[in-house]
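Enquirer: Quick one: the structure is below, questions incoming.
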Amino acid sequence: MSDFRGRDILSIRDLSRTDIETVLKASRRMVPHALGKKVSRSLEGKILATLFFEPSTRTRLSFESAMTRLGGRTLGFAGAEGTSVAKGETLADTIRMVEAYSDGIVLRHPQEGAARLAAEFSEKPVINAGDGAGQHPTQTLLDLFTIWDERGGIEGQHVALVGDLKYGRTVHSLAYALADLGATLAFVSPPTLEMPREILEHVKERGLSFKTAHRLEDVIREADVLYVTRIQKERFPDPQEYEKVAGSYRVDGDLLRESKRDLIIMHPLPRTTEIAPEVDRTKHAVYFKQAFNGVPVRMALLDLILGGAG
Amino acid sequence: MKELRVTPIRNGTVIDHIPAGMALKVLKILGIGDGVSSTVTVAMHVPSQAMGWKDIVKVEDRELGAREIDKIALIAPTASVNVIRNYNVAEKRRVALPDRALGILRCGNPNCISNTREPVESEFLVRTKTPLRVVCKYCDRELEDIPAHIL
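From first to last, the protein sequence lines are chains G and D. Position one of the first sequence corresponds to residue 868 (my numbering), numbered consecutively onward. Position one of the second sequence corresponds to residue 6 (my numbering), numbered consecutively onward.
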C-alpha cells in the first residue's frame, strides 16, 4: 500500500495508479461519515490551514466540512484582503508562518506553480486546491471517484469530455488521469477550443484510442460518461458567435433520447446553460452527487495524509 | 601559408564550435555590449571540418562562470569552451546541458509564481535535449522560444 503520510498533493500526475486506487477505496469508506451517519474522530487535535487567496466556495467549504467531520479543526482565510498578503508579504513567508500554526496546508492561489512553491517552504504537507490555470488534483480525484463509484470502475469506460477543452484545467488533469487508468476517451469541443496537442500525445503514448468530435451527436450513443464543462463567453470575440457555439453543446432531453440508458452526466459546476434543467430530474444527472463527493474524497485524502492511515 | 583570420589571445576564453549564426546570442548571454573593457573577437560562418560552418567568440581577460556556460549550452549545445592562460589552452570544456536549468531562464508564463518576487530561482526540467524542450518546474508549462528567455 502506498504511504501517504505527510505527502504533498500538488498535481494529479504525482499520484501513481496504485495511489489513486488507494484514495478511491478510502473515499468509499468515508461516504457514511461524510453523510453524518457515522462519526469519526481520527483527526482530533489536528489543525488544517485553508489558505484561499481567491474565493472558491465549493472547494473551501468541502475541505472544511471534511476536516470537521474527522474531528479536526480548520483555520485560514478566504480572499487575501485584510491579511498580511495585502501588505505585500510573499507567499513563501505566509507559508512559513502558517506552517507553524497547523498540521497541513490547503492552498488556493491565482498563480500557476504557487502550490509547488509553498511545498518547498513547508515541512508540513501541502494540498493544492487550485493554482491559477494550473492543477487542481482534488477536483480530479473527486471526478475519478464519481465515475468509479457510479460505473463500478474506470478501465474501459467510454468517457466523453465536452466543452472548452483548450482552457479548462479540470479536463486536462482528468484526461491525463483517465488515460492512465485505461478509459476510452472522446473529446468534443468547438474547433477553436480543442484539447491541447500534448494531452492527445499523452493519450496516444498510453496506447489508447480516442476520438475527437465537434458534435455531441457523434458521441452520445456510445458514451458511458458525459463530462460537460462550461464554454466561457470571454473566449469568443463575438457574442453572437458564442451564443451559436454554446447552444450546440447543450445537453437536453432531445439529445438524451439517443443515449445509453445508464449514461451518467457530470459537470464540475457552476453551470450556466450547458445542461438543461430538465436533465436534473433524470437518473443520468450525477453532478450534484459529484459535488457532494468532494467531501468523502477530501476526507479520505486528509485522513491518509494527516492521520497516516495509508 | 595558412591565413590566420583571428589572432591568438594571451589570456581569456575561446568559445569554439558555436552553431553558425548563434555568435551574437552568445555575446548577449555574456553581457557583451557597450561597456566592454577588453577585446572581443567574433568570427562568423567559419568553415569547420566537423560542423560544415561554425561561429567562434574570443573574449580576452575573462573566464566564464558555470552559469554562463550552462546558458551557452541552451543555445549552442555543440560549443566548446577553452580557457586560455599565457597563450596556452589551460582548460578545455565541452558545454553540457544540465538536467535542470537553474536560474538561467525566465518562465514565459506571465502568471507563473516564479515570475513574482518570491524568494526562489527559476527552474526548468529538461524534457528532451535534441530538440531542446524544457518545462517550468513551477507551472508545468513548456517554454517556447528558449533563447528569448535566457536571463
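By construction, the Cβ of each residue, glycine as well, lies at the ideal position given by its N, Cα and C atoms.
#1: Can you look up ILE14/D in the DSSP assignment and give me helix, strand or coil?
#2: Is there at least one Cβ from chain D nearer than 8 Å to GLY980/G's Cβ?
#3: Using the three-state DSSP reduction, which class does ASP21/D fall into: helix, strand or coil?
#4: Cβ closer than 8 Å: which chain D residues qualify as neighbours of GLU987/G?
#5: Between PRO1137/G, VAL1092/G, TYR1034/G and ILE1021/G, which lies nearest to LEU1048/G when the distance is taken from Cα to Cα?
#6: Could you tell me the distance, in whole angstroms, from the CA atom of ALA945/G to the CA atom of ARG1124/G?
#7: Report the neighbours of THR133/D on chain G: residues whose CB is nearer than 7 Å to its CB, in chain order.
#8: Please list, in chain order, the chain C residues whose beta carbon lies closer than 8 Å to that of GLY1001/G.
#9: Using CA atoms only, rank isn't needed, just tell me which of VAL45/D, SER127/D, ASP104/D and THR83/D is closest to GLY57/D.
#10: Report the three-state DSSP secondary structure of ALA1044/G (helix, strand or coil).
#11: THR917/G and THR950/G: beta carbons closer than 8 Å?
#12: With a threshold of 8 Å between beta carbons, is LEU1008/G in contact with chain D?
#13: Check whether the stretch 1148-1163 of chain G and the stretch 955-964 of chain G touch, using three or more Cβ-Cβ pairs below 8 Å as the test.
#14: Is it true that the CB of SER43/D sits closer than 8 Å to the CB of ASP66/D?
#15: Would GLU1061/G and VAL1095/G be called neighbours here (beta carbons separated by less than 8 Å)?
#16: I want to verify the contact list: residues of chain G whose CB lies under 7 Å from the CB of ASN93/D, in sequence order.
#17: Do you know whose CA, among GLY36/D, ARG138/D, ALA25/D and VAL47/D, lies nearest CYS112/D's CA?
#18: Can you say whether MET897/G is buried or exposed, counting buried as having 16 or more other CB atoms within 10 angstroms of its CB?
Expert: Short version:
#1: If DSSP states are grouped into helix, strand and coil, ILE14/D belongs with coil.
#2: At least one chain D Cβ lies under 8 Å of GLY980/G.
#3: DSSP places ASP21/D in strand when its eight states are reduced to three.
#4: Per Cβ cutoff of 8 Å: VAL125.
#5: For LEU1048/G, the closest of PRO1137/G, VAL1092/G, TYR1034/G and ILE1021/G by C-alpha to C-alpha distance is ILE1021/G.
#6: If I take the Cα positions, the gap works out to 43 Å.
#7: What THR133/D touches in chain G: nothing, since even the nearest Cβ is about 13 Å away.
#8: You won't find chain C in this structure, because its protein chains are G and D.
#9: Minimum Cα distance to GLY57/D is reached at THR83/D.
#10: For ALA1044/G, the three-state secondary structure derived from DSSP is helix.
#11: Between THR917/G and THR950/G, the C-beta gap is not smaller than 8 Å, which leaves the two residues out of contact.
#12: LEU1008/G does not count as touching chain D.
#13: No, the stretch 1148-1163 of chain G does not touch the stretch 955-964 of chain G.
#14: A Cβ-Cβ contact shorter than 8 Å links ASP66/D with SER43/D.
#15: With respect to the 8 Å criterion, GLU1061/G and VAL1095/G are not classified as neighbours on the basis of their beta carbons.
#16: Those do not exist, as ASN93/D stays about 45 Å from chain G at its closest Cβ, beyond 7 Å.
#17: Between CYS112/D and the set GLY36/D, ARG138/D, ALA25/D and VAL47/D, the nearest pair of CA atoms involves ARG138/D.
#18: Here MET897/G is buried, its C-beta having at least 16 other C-beta atoms within 10 Å.
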